[in-house]
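Enquirer: Numbered by UniProt numbering, the letters in the sequence shown go through residues 1 to 501 in order.
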Amino acid sequence: MSYCIYLRKSRADTELERLGEGETLARHKRTLLSLAQSKSYAIGEIYEEIVSGETIAARPQMQRLLSDVEQGRWDGVLVMELERLARGDSIDQGIVAQTFRITGTLIITPNKVYNPLNEFDEEYFEFGLFMSRREYKTINRRLQAGRIASIKEGNYIGSAAPFGYNKVRLDNGKGFTLEENDESPYVKMIFDWYVNSGMTAGKIAEKLTLMGVTPKKGGSHFPTESVRSILRNRLYTGKITWNWRPVKKTVEHGMVKRSRPRNDESDMIIVDGIHPALISEELFEAAQERTGLNPRVAVSRELVNPFAHVMVCKGCGNAIIRKPSKKNPDYLICPNKYCGVSSAPFDIVEKQVLERLAEICGKLKLQSDKANKSQEDTNTLQIDKIEKELAKLKDQQNKLYDLLEQGIYSQEIFLERQQVLNDKRSSMQKELVELRSKIPAPVDYTDIIASIERLLSEYATLSVAEKNSLLCSCVRKITYYRDKSNRYDQKPVSMEIELKV
């Protein structure tokens with residue numbers, strides 16, 4: 001029988017680590033491995049969740065675990081507490097409960113083994129998830145109340161310091177504030193240039209880049225959006241704001257979407273902070289007034305680039321965009337002005353993409369189904385060998401019990417020999433899982449060939465949106481590159497096309 005371990009930190013664990021209680025995941029791993037050893041559970045994999053997400057969507061290792069459980073890979077999952085599996089909303093808890101119930105996978109904690117096929121265990125399991133959700137909401141309310149109380153005291157509760165400040169702990173150890181750093185003068189320059197010199201956010205970003213100033217998140221160029229964000233941030237006047245961009249949840253096509261729209265000041269908490277101000281209230285208000293006089297012009301949302309969401313720049317990774325022109329042909333360009341990749345006429349690139357797809361489609365039709373046959377045969381032979389060895393180990397373990405009952409083996413020798421066999425079995429099962437994962441899955445090119453052929457045959461008659469939809473159905477990514485020295489060549493573009501195979 002195969003078992004796995006699932007590890008995840010809670011918010012309480014993170015707080016204990018901050019107070020010096022040691023690394024949580026390592027401590028939990030030792031506990032669960034010790035439990036597995038005492039119960040002779042063969043551990044096939046350990047899923048370590050390094051994030052404390054509220055939902056399954058925010059926990060990649062939980063997604064992997066549920067997928068493996070659905071496939072019947074595990075007989076049981078070892079976890080410190082039921083709450084570690086699901087503490088999100090009732091939908092997520094229902095998904096977890098249903099997955100374990102349908103597959104009959106055991107949930108093993110240091111205190112109890114839950115069998116989802118047992119009526120009483122199932123009821124206890126679901127009740128435990130319900131109570132954990134209530135506890136989660138209670139903790140969230142307390143955290144929110146604590147944050148607001150800290151804000152009203154003038155403390156800074158952000159996870160990272162904004163540009164121009166360093167985050168420092170208060171002398172009493174209860175909370176954080178901000179102190180000026182070497183970036184502070186640039187904040188004052190940004191507001192002065194914007195209000196008194198009439199410079200735009202884009203020009204300010206260019207000037208900062210030429211001066212060698214880099215943003216907090218790194219990079220060689222100062223982004224225009226970072227300048228706009230600084231100009232909108234009241235924190236530089238010595239204020240602390242809360243609820244400026246609260247998370248709003250909406251449901252689209254059954255999926256929960258999150259957005260962070262800017263809030264009205266009437267719905268925000270604005271208090272005096274204990275950190276030093278970098279600019280005056282008057283200068284900040286003047287910046288807001290100028291921003292209001294220069295609103296952004298709404299642009300058309302109609303799709304004009306059939307390569308949207310597909311084509312990226314090889315030089316910097318940005319999406320390639322289409323630049324329309326009334327007098328000259330449309331061009332495809334990289335929007336990063338500091339990137340060395342040149343633009344190219346749209347019609348030339350479009351023609352190359354279609355030619356390359358036709359070439360790829362022809363190769364797929366000729367490709368042999370036996371491409372991975374050799375590797376598959378080798379792995380299959382090794383798998384058969386290991387499975388036979390595992391069967392022998394099972395017989396040896398059965399003989400151990402006979403020898404113990406007959407008095408030939410003492411209890412000490414029995415436990416020692418059993419441990420050796422358990423370790424050997426665990427090692428073989430890990431090797432077996434690895435070998436099975438290396439067996440190449442049979443690739444069926446029928447659908448992708450059909451999609452490409454449809455795209456090529458109908459392309460000239462389709463709208464831009466339809467072209468884009470068909471491209472996205474068969475192409476994962478097109479990597480675009482054009483050297484500046486080839487700017488006036490007729491066919492200078494190089495590209496790599498990655499299909500959704």
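Ideal placement from N, C-alpha and C gives every residue a C-beta, glycine not left out.
Could you spell out the range, first to last residue, of the beta strand (DSSP E) harbouring Val168?
Expert: Numbered from 1 along the sequence shown, position 168 holds the residue referred to as residue 168. Run containing Val168: 165-169, per the beta strand (DSSP E) assignment.
Enquirer: Report, in whole angstroms, the separation of the C-beta atoms of Ile478 and Arg436, which I expect to be a contact under 8 angstroms.
Expert: Counting from one through the sequence shown, the residue named residue 478 turns up at place 478. Counting from one through the sequence shown, the residue named residue 436 turns up at place 436. Contact doesn't hold; Cβ gap of about 34 angstroms is too wide.
Enquirer: Drop a sphere of 10 angstroms on the beta-carbon of Thr177, count the other beta-carbons inside from all chains shown, and report buried for 16 or more, exposed for fewer.
Expert: Taking the first residue of the sequence shown as position 1, residue 177 is located at position 177. Thr177 comes out buried.
Enquirer: I'd like the list of long-range same chain contacts for Trp339, defined as Cβ closer than 8 angstroms, with 5 residues on each side in sequence excluded.
Expert: To locate residue 339, count along the sequence shown from 1; it is residue 339. Just to set this straight, residue 339 is Cys in the shown sequence, not Trp. The residues are Cys313, Gly315, Cys316, Asn318.
Enquirer: Going by other Cβ atoms of all chains shown within 10 Å of its Cβ, with 16 needed for buried, is Asn196 buried or exposed?
Expert: Numbered from its first residue, the sequence shown carries residue 196 at position 196. Its Cβ having fewer than 16 others within 10 Å, Asn196 is exposed.
Enquirer: Start and end of the alpha helix (DSSP H) containing residue 580?
Expert: Summary: the structure shown does not reach residue 580, with the chain confined to residues 1 through 501, and so no result is reported for it.
Enquirer: Could you tell me the alpha carbon to alpha carbon distance between Asn468 and Thr200, rounded to whole angstroms?
Expert: Residue numbering aside, residue 468 sits at position 468 when the sequence shown is read from its first letter. Residue numbering aside, residue 200 sits at position 200 when the sequence shown is read from its first letter. Roughly 35 angstroms between the two C-alpha positions.
Enquirer: Assign Phe284 to buried or exposed, taking buried as 16 or more other Cβ atoms, counted over all protein chains shown, within 10 Å of its Cβ.
Expert: Position 284 of the sequence shown holds residue 284. That one is buried.
Enquirer: On the CB-based measure, 16 or more other CB atoms within 10 Å of its CB, does Gly20 come out buried or exposed?
Expert: Here residue 20 corresponds to residue number 20 of the sequence shown, with the count starting at 1. Model confidence at Gly20 stands at a pLDDT of 45, short of 50, so the residue's coordinates are unreliable and nothing is read from them.
Enquirer: From which residue to which residue does the beta strand (DSSP E) around Ile204 run?
Expert: Looking up residue 204 in the sequence shown gives position 204. No beta strand (DSSP E) holds Ile204; the alpha helix (DSSP H) holding it covers 201-210.
Enquirer: Helix, strand or coil: which one does DSSP assign to Arg425?
Expert: Along the sequence shown, one-based indexing puts residue 425 at 425. Of the three classes helix, strand and coil, the one that applies to Arg425 here is helix, per DSSP.
Enquirer: For my contact list, Val77 and Ala86 are in at a C-beta cut-off of 8 angstroms; report their separation, rounded to the angstrom.
Expert: For the purposes of this step, residue 77 is identified with residue 77 of the sequence shown, where counting begins at 1. For the purposes of this step, residue 86 is identified with residue 86 of the sequence shown, where counting begins at 1. Rounded, the Cβ-Cβ distance is 12 angstroms, inconsistent with contact.
Enquirer: Could you tell me the boundaries of the beta strand (DSSP E) in which Arg476 lies?
Expert: By one-based count along the sequence shown, residue 476 stands at place 476. Run containing Arg476: 475-481, per the beta strand (DSSP E) assignment.
Enquirer: Taking one C-beta from the stretch 147-157 and one from the stretch 267-286 each time, how about it: are there three or more such pairs within less than 8 angstroms?
Expert: Taking 8 angstroms as the limit for Cβ pairs, the verdict is that the stretch 267-286 does touch the stretch 147-157.
Enquirer: Going straight from the alpha carbon of Gln406 to that of Gln396, what length do you get?
Expert: Residue numbering aside, residue 406 sits at position 406 when the sequence shown is read from its first letter. Residue numbering aside, residue 396 sits at position 396 when the sequence shown is read from its first letter. For Gln406 and Gln396, the distance between alpha carbons rounds to 15 angstroms.
Enquirer: Report yes if the CB atom of Ile240 is closer than 9 angstroms to the CB atom of Ile279, and no otherwise.
Expert: The sequence position of residue 240 within the sequence shown is 240, counting from 1. The sequence position of residue 279 within the sequence shown is 279, counting from 1. Against a cut-off of 9 angstroms, the Cβ pair of Ile279 and Ile240 comes out as no contact.
Enquirer: So the alpha helix (DSSP H) Thr103 belongs to, where does it begin and stop?
Expert: To locate residue 103, count along the sequence shown from 1; it is residue 103. Note, Thr103: alpha helix (DSSP H), 90-103.
Enquirer: Once the 5 residues before and after Gly160 are set aside, which same chain residues still bring their CB inside 8 angstroms of it?
Expert: In the sequence shown, residue 160 corresponds to position 160, counting from 1. Looking at the sequence provided, one finds Ala at residue 160 rather than Gly. Only Lys167, Lys216 meet the Cβ criterion.
Enquirer: State yes or no: is the C-beta of Glu81 nearer than 8 angstroms to some heavy atom of the ligand SAM?
Expert: You won't find the ligand SAM in this model; it holds no ligand whatsoever.
Enquirer: Rounded to whole angstroms, what is the Cα-Cα separation between Tyr194 and Gly219?
Expert: Indexing the sequence shown from 1 puts residue 194 at position 194. Indexing the sequence shown from 1 puts residue 219 at position 219. Their backbone Cα atoms lie some 23 angstroms apart in a straight line.
Enquirer: Between Leu7 and Glu45, is the Cβ-Cβ spacing less than 9 angstroms?
Expert: Within the sequence shown, the letter at position 7 stands for residue 7. Within the sequence shown, the letter at position 45 stands for residue 45. No; because the gap between Cβ atoms is not below 9 angstroms, this pair is not in contact.
Enquirer: Less than 9 angstroms separating the beta-carbons of Asp75 and Thr105?
Expert: Start at 1 with the first residue of the sequence shown, and residue 75 comes out as number 75. Start at 1 with the first residue of the sequence shown, and residue 105 comes out as number 105. The answer is yes: Cβ separation under 9 angstroms.
Enquirer: If we require 3 or more residues per run, which beta strand (DSSP E) segments fall completely within the stretch 312-367?
Expert: Segments of the beta strand (DSSP E) lying fully in the stretch 312-367: 321-323, 331-333.
Enquirer: From Tyr331 to Arg27, what distance separates their C-alpha atoms?
Expert: By 1-based counting over the sequence shown, the position of residue 331 is 331. By 1-based counting over the sequence shown, the position of residue 27 is 27. The alpha-carbon atoms of Tyr331 and Arg27 are separated by roughly 57 angstroms.
Enquirer: For Tyr41, I'd like the list of residues in its chain whose CB is within less than 8 angstroms of its CB, leaving aside the five on either flank, ordered along the chain.
Expert: Working through the sequence shown from its first residue, we reach residue 41 at position 41. Only Met1, Tyr3, Leu35, Gly76, Leu78, Ile108 meet the Cβ criterion.
Enquirer: Using only CA atoms, which one of Lys365, Ala145, Glu387 lies nearest to Ser426?
Expert: Along the sequence shown, read from residue 1 onward, the residue named residue 426 stands at position 426. The shortest C-alpha separation from Ser426 is found at Glu387.
Enquirer: Would you say the stretch 134-146 touches the stretch 111-122, given that touching needs at least three Cβ pairs under 8 angstroms?
Expert: Short answer: they don't touch.
Enquirer: For Ile93, which residues from the same chain have a beta carbon less than 6 angstroms from its beta carbon, with the 5 sequence-adjacent residues on both sides left out?
Expert: Taking the sequence shown and counting its residues from 1, the one referred to as residue 93 is at position 93. Contrary to the premise, residue 93 reads as Gln rather than Ile in this sequence. Excluding positions up to five away in sequence, the list reads Ala86, Leu129.
Enquirer: Rounded to whole angstroms, what is the Cα-Cα separation between Tyr47 and Asn181?
Expert: The count along the sequence shown starts at 1 and reaches residue 47 at position 47. The count along the sequence shown starts at 1 and reaches residue 181 at position 181. Their Cα atoms are separated by approximately 41 angstroms.
Enquirer: So for Glu48, helix, strand or coil by DSSP?
Expert: The sequence position of residue 48 within the sequence shown is 48, counting from 1. Looking at Glu48 - three-state DSSP - the assignment turns out to be strand.
Enquirer: Could you give the residue range of the beta strand (DSSP E) that holds Phe191?
Expert: Position 191 of the sequence shown, counting from 1, holds the residue named residue 191. Looking at the DSSP string, Phe191 is not in any beta strand (DSSP E); the run it does join, the alpha helix (DSSP H), is 184-195.
Enquirer: Going straight from the alpha carbon of Glu244 to that of Arg258, what length do you get?
Expert: Numbered from 1 along the sequence shown, position 244 holds the residue referred to as residue 244. Numbered from 1 along the sequence shown, position 258 holds the residue referred to as residue 258. Note on identity: in this sequence residue 244 is Trp, with Glu being the wrong assignment. Cα-Cα distance, rounded: 15 angstroms.
Enquirer: Taking 9 angstroms as the CB-CB cut-off, is Ser34 touching chain B?
Expert: Within the model displayed, chain B is absent; a lone protein chain is all it includes.
Enquirer: Taking Gln61 as the reference, which of Lys9, Arg30, Glu458 has the closest Cα?
Expert: Residue numbering aside, residue 61 sits at position 61 when the sequence shown is read from its first letter. Ranking the options by Cα distance to Gln61, first place goes to Lys9.
Enquirer: Could you pull the DSSP bridge partners for Met495 from this structure?
Expert: Mapped onto the sequence shown, residue 495 falls at position 495. Answer by DSSP bridge pairing, in chain order: Tyr480.
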